[in-house]
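Protein chains in written order, with this note's numbering: chain A, 1 to 322; chain B, 323 to 761. Even for Gly, the Cβ is constructed at its ideal location relative to N, Cα and C. Everything below concerns the one structure shown next.
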């Protein structure tokens with residue numbers, strides 16, 4: 001009886017469930033479901049198409065033109081702008097500067113940051129650990145333009161802090177017009193950039209290290225494995241995914257450098273600090289050669305696209321799970 | 323081919339075709355009628371290079387007064403700095419969004435807009451002999467004259483002079499140098515007295531071109547120099563160029579404290595060195611005279627003097643030339659508000675407003691006749707503008723008089739010369755190559 005006749009309470013619950021349960025929907029036809037799905041993604045597709053893909057296609061078109069912005073005349077010149085790229089020594093020196101930027105950034109912002117993150121995360125005192133993380137991260141909270149301006153004044157040959165400090169500690173022979181001469185300008189800009197970006201990558205690696213199960217470190221300690229070996233055998237392999245991502249992000253970022261160079265040297269002296277971004281800008285906005293600027297933009301796009309594809313490929317193949 | 327890929331490819335090709343077709347289209351706006359009676363309604367957009375202090379309030383006040391006179395008119399100001407106005411103007415030009423009134427330099431800068439049909443022909447309203455035209459000095463109007471037509475409204479005149487601290491000169495016991503060689507010789511005693519002889523900052527590249535252009539005017543015969551500005555006629559083989567480059571390098575090495583590091587110093591940092599009494603001299607535009615002697619600075623109007631960059635001994639060019647030119651405004655040839663724009667500029671160049679512009683704190687010597695007087699302007703501004711008016715020839719800035727590719731080569735060359743990265747011969751060779759390529 002109990003099984004076949006629900007109690008009053010059960011009846012109440014059943015009634016309540018009946019009252020709140022909506023009537024079963026008629027299943028949508030697959031075509032209608034697809035339309036609803038498309039409607040949901042349509043705004044994002046439109047925004048992407050208008051603000052990302054259309055400009056990309058437009059840029060490809062512009063790179064095949066000789067474009068006079070004043071008269072509005074645009075003449076199709078095929079691949080002439082790309083031919084000009086090949087013979088342009090400043091394009092190559094700009095590309096080299098981007099590569100130099102990438103190499104130094106990899107050394108500091110990836111490999112240096114892993115080491116620093118491991119050191120910080122190895123500190124037992126929680127207050128110290130948090131404090132150091134914050135100290136290293138603070139420069140990343142400063143806008144790159146502001147940091148560039150700040151370092152411009154630090155590097156200033158007469159009034160700058162760097163030469164002043166060198167002078168104060170008896171290293172006045174090392175004082176340089178850091179941004180004023182071809183031999184030191186690019187490295188000085190890259191140094192500023194490392195200062196600004198180092199803390200951010202350190203923080204990301206610290207988060208990745210925190211995700212490593214502590215049992216692994218404890219087991220290694222019990223086995224008498226030292227901290228250096230623990231770093232190479234546990235930390236490094238288990239932050240591999242983050243390392244891969246950071247390598248890609250760092251290289252990709254190095255090919256999109258613009259702000260710091262514009263603020264600190266505008267590509268000078270004598271074009272020694274031109275990078276692809278600033279050389280693009282100079283050709284477009286100073287030399288009025290927008291077609292050639294578009295060709296440089298295409299090169300930047302191809303390089304960063306290639307890096308992004310490598311990133312996708314690596315992420316698919318090297319997933320770390322535990 | 324897979325259907326989705328085919329669709330994507332078709333879309334890409336269609337988009338490209340659309341873009342390229344769109345590119346080929348022309349903008350066939352009717353020519354602006356600047357002689358029409360203005361309709362006092364709507365929005366008037368103006369691009370200035372007066373952003374920041376102390377110049378910013380000048381156009382703001384003008385706009386407010388004009389709006390008060392014509393309540394149906396709204397004036398929309400886009401105020402940029404000397405550096406940023408270049409990018410802003412080109413961006414607006416490329417996107418077909420030039421304002422009704424926009425700033426221009428004389429020379430190739432203005433020529434581009436005139437050739438591109440973007441500057442309204444103002445001949446009927448501003449040429450000498452018209453009511454408005456007669457309020458300006460004729461030479462300043464001719465700075466924007468092309469093929470007998472007048473396109474620009476010159477707002478103020480400008481010229482480059484060596485500004486100096488008379489107190490430091492007195493303390494050191496030196497006179498104003500009369501030759502370039504004397505100028506170089508004066509640097510050692512000034513430095514011995516504890517001052518930087520000539521403050522110089524070339525972070526932006528163009529300050530070096532100001533020295534070079536003045537030296538070119540002195541060392542290169544005028545007709546040769548004018549031919550060399552245009553890649554079509556340029557040979558750039560006059561020995562005066564090499565002499566000028568060598569003289570400039572001597573000045574940097576002998577007279578600045580920053581020497582080969584001058585490219586790392588801001589123009590304004592150097593300006594402050596003179597204003598703060600730390601430097602004896604600083605090569606500057608008339609527009610800066612009231613800034614270096616502004617209230618609060620160590621340098622006061624009483625101990626501020628100016629002289630033209632001294633002529634080198636045996637120079638083969640024009641010794642009476644002064645580098646400088648008027649700066650002004652163009653009216654967008656495609657503006658539907660062209661008549662109103664002309665009316666606004668007439669308002670901006672009334673004697674009353676021109677006098678305000680020429681007086682401290684603005685200190686921009688107006689091109690309007692009678693606006694710059696010893697009573698209304700500072701002593702230095704009046705002296706500077708008098709020298710400009712008396713100059714045997716005005717030479718336009720090197721970075722605006724020639725085509726951008728050549729100007730850019732001079733810019734990089736000036737920096738390389740300062741840092742020691744290139745010899746004068748190498749600099750000249752790179753400029754010749756740029757000029758040949760631009761031809």
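Measure from the alpha carbon of residue i to the alpha carbon of each residue in the options, then state which is nearest.
i: residue 597 (chain B); options: B:587, B:585, B:586 and B:610; result: B:610
i: residue 726 (chain B); options: B:747, B:696, B:741 and B:758; result: B:758
i: residue 466 (chain B); options: B:476, B:459 and B:457; result: B:476
i: residue 140 (chain A); options: A:90, A:313, A:198 and A:80; result: A:198
i: residue 400 (chain B); options: B:417, B:378 and B:640; result: B:378
i: residue 490 (chain B); options: B:455, B:625, B:684 and B:655; result: B:625
i: residue 180 (chain A); options: B:522, B:514 and B:515; result: B:522
i: residue 764 (chain B); options: B:703, B:734 and B:741; result: Look at the range of chain B in this structure, 323 to 761, and you will see that residue 764 (chain B) is not part of it.
i: residue 78 (chain A); options: A:69, A:63 and A:86; result: A:63
So residue i contacts chain B; which residues on that side make the cut at Cβ distance below 9 Å?
i: residue 172 (chain A); result: None at all; the shortest Cβ gap to chain B is about 14 Å.
i: residue 30 (chain A); result: Neighbours of residue 30 (chain A) on chain B: none; closest Cβ ~18 Å, over 9 Å.
Who are the neighbours of residue i on chain A, taking C-beta pairs under 7 Å?
i: residue 654 (chain B); result: Under the 7 Å cutoff, chain A gives no residues; its nearest Cβ is about 12 Å from residue 654 (chain B).
i: residue 440 (chain B); result: 70
i: residue 579 (chain B); result: 158
i: residue 383 (chain B); result: Going along chain A, no residue has its Cβ under 7 Å from residue 383 (chain B), so there is no contact; the nearest lies around 30 Å.
Could you give the first and the last residue of the continuous alpha helix (DSSP H) run that contains residue i?
i: residue 279 (chain A); result: 276–281
i: residue 59 (chain A); result: 54–62
i: residue 486 (chain B); result: Segment 482–487 is the beta strand (DSSP E) holding residue 486 (chain B); no alpha helix (DSSP H) there.
i: residue 202 (chain A); result: 182–210
i: residue 533 (chain B); result: 528–541
i: residue 153 (chain A); result: 144–155
i: residue 561 (chain B); result: 561–577
i: residue 593 (chain B); result: 589–597
i: residue 436 (chain B); result: 430–437
Taking Cβ-Cβ distances shorter than 7 Å, what residues in chain B pair up with residue i?
i: residue 69 (chain A); result: 412, 415 and 416
i: residue 287 (chain A); result: 726, 727 and 730
Which of the three DSSP states, helix, strand or coil, is assigned to residue i?
i: residue 348 (chain B); result: Bear in mind that a pLDDT of 41 at residue 348 (chain B), under 50, signals an unreliable position, so the number given afterwards is only what the model happens to contain. DSSP places residue 348 (chain B) in coil when its eight states are reduced to three.
i: residue 725 (chain B); result: coil
i: residue 660 (chain B); result: helix
i: residue 6 (chain A); result: Because residue 6 (chain A) carries a pLDDT of 44, less than 50, the predicted location of this residue cannot be relied on, and the following value inherits that uncertainty. Coil, per DSSP.
i: residue 171 (chain A); result: coil
i: residue 67 (chain A); result: strand
i: residue 681 (chain B); result: coil
i: residue 257 (chain A); result: coil
i: residue 226 (chain A); result: coil
i: residue 268 (chain A); result: coil
i: residue 237 (chain A); result: helix
i: residue 18 (chain A); result: The pLDDT assigned to residue 18 (chain A) is 49, lower than 50, so where the model puts this residue is not dependable, and the model offers no usable value.
i: residue 413 (chain B); result: helix
i: residue 109 (chain A); result: helix
i: residue 697 (chain B); result: coil
Starting from residue i, find everything on chain B with Cβ-Cβ shorter than 8 Å and list it in chain order.
i: residue 230 (chain A); result: Going along chain B, no residue has its Cβ under 8 Å from residue 230 (chain A), so there is no contact; the nearest lies around 45 Å.
i: residue 290 (chain A); result: 416
What does a CB cutoff of less than 7 Å around residue i pick up in its chain, not counting 5 residues either side in sequence?
i: residue 289 (chain A); result: 283
i: residue 581 (chain B); result: 574 and 575
i: residue 426 (chain B); result: 432, 435, 474, 650, 651 and 652
i: residue 359 (chain B); result: 661
i: residue 172 (chain A); result: 166
i: residue 272 (chain A); result: 182, 185 and 186
i: residue 76 (chain A); result: 64 and 65
For residue i, I'd like the list of residues in its chain whose CB is within less than 8 Å of its CB, leaving aside the five on either flank, ordered along the chain.
i: residue 755 (chain B); result: 731
i: residue 643 (chain B); result: 536, 539, 540, 544, 713, 714, 715, 716 and 717
i: residue 121 (chain A); result: 129, 206, 209 and 210
At what residues does the beta strand (DSSP E) containing residue i begin and finish?
i: residue 605 (chain B); result: 601–607
i: residue 650 (chain B); result: 649–653
i: residue 74 (chain A); result: 74–76
i: residue 367 (chain B); result: 364–370
Quick one: residues in its chain with C-beta nearer than 6 Å to the C-beta of residue i, no 5 flanking neighbours on either side, listed in chain order?
i: residue 512 (chain B); result: 494, 519 and 602
i: residue 193 (chain A); result: 260
i: residue 533 (chain B); result: 570
i: residue 422 (chain B); result: 366, 367, 654, 657, 659 and 663
i: residue 123 (chain A); result: 129
i: residue 555 (chain B); result: 549
i: residue 105 (chain A); result: 250 and 254
Cβ closer than 8 Å: which chain A residues qualify as neighbours of residue i?
i: residue 737 (chain B); result: 268, 269 and 270
Which bits of chain A does residue i rub up against, with CB to CB less than 9 Å?
i: residue 435 (chain B); result: 70
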